[in-house]
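Asker: Heads up: the sequence shown begins at 297 in my numbering, then just goes up one per residue.
Next up is a structure, given as structure tokens.
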Amino acid sequence: MTGLISARTGPRHSLSASGIVPIRSLQASQLVARFTNPSFLSAKLCKARSLVAAAMEVTKDTSTAAFANHRPSKGLLETWRNADAVCFDVDSTVCLDEGIDELADFCGAGRAVAEWTAKAMTGTVPFEEALAARLSLIKPSLSQVEDCLVKRPPRISPGISDLINKLRDNNTDVFLVSGGFRQMIKPVAFELGIPPENIIANQLLFGASGEYAGFDPTEPTSRSGGKALAVQQIRQDNGYKTLIMIGDGATDLEVCNWSTPG
297 MTGLISARTG
307 PRHSLSASGI
317 VPIRSLQASQ
327 LVARFTNPSF
337 LSAKLCKARS
347 LVAAAMEVTK
357 DTSTAAFANH
367 RPSKGLLETW
377 RNADAVCFDV
387 DSTVCLDEGI
397 DELADFCGAG
407 RAVAEWTAKA
417 MTGTVPFEEA
427 LAARLSLIKP
437 SLSQVEDCLV
447 KRPPRISPGI
457 SDLINKLRDN
467 NTDVFLVSGG
477 FRQMIKPVAF
487 ELGIPPENII
497 ANQLLFGASG
507 EYAGFDPTEP
517 TSRSGGKALA
527 VQQIRQDNGY
537 KTLIMIGDGA
547 TDLEVCNWST
557 PG
């Protein structure tokens, strides 16, 4: 089984995908470590443009007990074992929180920004519009970003470190593909042992005195559809036959939709 696997996780969001069929959730295997949060419960595989696309949805019950006696299907485990690379979304996937919401709250603009984040996650507005709107409300300085990272360090989701170690042991490359900011993702990558060149994310810009000066619009993940293009570019640049994408929002689902005909 070769191609692209797109997965959706995260109990905070309820995006739907058509044709979801149940499978047994992840517990433990030679490759996959059991998650307390996020955890995967269902999937459907379909061939598309010589790729394999999978949409995965989580249960609303994310208690550990719900997953204690479940195991993934043999086919899904085989796909994971044979994957050349795995791309992870960061906010609410690798990390428990939405980084931009944490930064906004730290800077005193939490409520207004959270509303825009919800719109971006569900795809009701273009991602680039939501990103620009949120940053215009926050206008974070370099010192505020640095202070936020010190006082509110990113919280890694339970099980992610074990999973990435298993992938590394299996010689599977790992990438972080995010609509968040490199400045806030680099510490996460460092903690997980992911090289900085394997980060695809947005870049905050600052003036000579550290004042907020916008964001780099040339980053692919700064706009709707960009994450799908970034993942496909990773696959092409490295000659991967099988690449898995894990995420929880509309921009992650675009990776699956992009690889599905029609």
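Virtual Cβ for every residue (Gly too), placed ideally from N, Cα, C.
With 16 other CB atoms within 10 Å as the buried threshold, where does Glu507 fall?
Answerer: For the purposes of this step, residue 507 is taken as the residue at position 211 of the sequence shown. So Glu507 counts as exposed.
Asker: Please tell me whether Leu463 and Val527 are closer than 8 Å, where the distance is taken between their beta carbons.
Answerer: As a working mapping, residue 463 is identified with position 167 in the sequence shown. As a working mapping, residue 527 is identified with position 231 in the sequence shown. Contact flag unset, no.
Asker: What whole-angstrom Cβ distance do Gln440 and Cys403 have, given they're in contact under 8 Å?
Answerer: If you number the sequence shown from 1, residue 440 lands on position 144. If you number the sequence shown from 1, residue 403 lands on position 107. With a Cβ gap of about 6 Å, Gln440 and Cys403 count as contacting.
Asker: For Gly270 versus Asp380, is the C-beta distance shorter than 8 Å?
Answerer: For residue 270 there is no data in the structure shown, the boundaries of the chain being 297 and 558.
Asker: Would the segment 425-437 count as touching the segment 509-526 if we require 3 or more Cβ pairs under 8 Å?
Answerer: Taking 8 Å as the limit for Cβ pairs, the verdict is that the segment 509-526 does touch the segment 425-437.
Asker: For Ala408, collect the residues of the same chain with a Cβ closer than 6 Å to its Cβ; drop the 5 residues on either side in sequence, then sort them by chain order.
Answerer: In the sequence shown, counting from the first residue as 1, residue 408 sits at position 112. Closer than 6 Å at the Cβ level, and outside the excluded window around Ala408, lie Leu433.
Asker: Please return the same chain residues whose Cβ sits closer than 6 Å to the Cβ of Leu500, not counting the five positions on each side in sequence.
Answerer: For the purposes of this step, residue 500 is taken as the residue at position 204 of the sequence shown. Taken in chain order, the residues that qualify are Phe477, Gln479, Phe511.
Asker: So, for Leu438: in the same chain, excluding its five sequence neighbours on each side, which residues have a beta-carbon less than 6 Å away from its beta-carbon?
Answerer: Here residue 438 is taken as the residue at index 142 of the sequence shown, counted from 1. So the list reads Phe502, Gly506, once near-sequence residues are dropped.
Asker: Should Lys523 be labelled buried (16 or more other beta-carbon atoms within 10 Å of its own) or exposed?
Answerer: The residue labelled residue 523 in the question sits at position 227 within the sequence shown. It is buried - the Cβ of Lys523 has at least 16 other Cβ atoms within 10 Å.
Asker: Please list the segments of the beta strand (DSSP E) lying wholly inside the segment 370-420, counting only runs of 3 or more residues, in order along the chain.
Answerer: The qualifying runs are 381-384.
Asker: May I ask you to report which of helix, strand or coil DSSP gives Thr360?
Answerer: One-based indexing of the sequence shown puts residue 360 at position 64. Here Thr360 scores only 46 on pLDDT, less than 50, and its place in the model is too uncertain to base an answer on.
Asker: If I follow the unbroken alpha helix (DSSP H) through Ser453, where does it start and stop?
Answerer: Start at 1 with the first residue of the sequence shown, and residue 453 comes out as number 157. Note, Ser453: premise wrong, no alpha helix (DSSP H); not H, not E.
Asker: Could you tell me which of Asn494, Ile490, Gly545, Asp469 sits nearest to Tyr591, measuring between CA atoms?
Answerer: The displayed coordinates of the chain run from 297 to 558. Any statement about residue 591 would go beyond what the structure contains.
Asker: For Asn494 and Ser518, which I take to be in contact (beta-carbon distance under 8 Å), what is that distance rounded to the nearest angstrom?
Answerer: Here residue 494 refers to the residue found at position 198 when the sequence shown is read from its first residue. Here residue 518 refers to the residue found at position 222 when the sequence shown is read from its first residue. Contact flag wrong, Cβ pair sits at about 18 Å.
Asker: Here's the rule I'm using: 16 or more other beta-carbon atoms within 10 Å means buried, otherwise exposed. How should Asp465 be labelled?
Answerer: Here residue 465 refers to the residue found at position 169 when the sequence shown is read from its first residue. Answer is exposed; the Cβ neighbour count stays below 16.
Asker: Helix, strand or coil: how does DSSP classify Thr514 here?
Answerer: As a working note, residue 514 is residue 218 in the sequence shown. Three-state DSSP puts Thr514 in coil, outside helix and strand.
Asker: Just to confirm the assignment: which complete beta strand (DSSP E) runs, minimum length 3, are found wholly within the segment 463-501?
Answerer: Whole beta strand (DSSP E) segments, 3+ residues: 469-477, 495-498.
Asker: Does Ala400 pass the burial test, meaning 16 or more other C-beta atoms within 10 Å, or should it be called exposed?
Answerer: The sequence position of residue 400 within the sequence shown is 104, counting from 1. Counting Cβ neighbours within 10 Å, Ala400 comes out buried, since at least 16 surround it.
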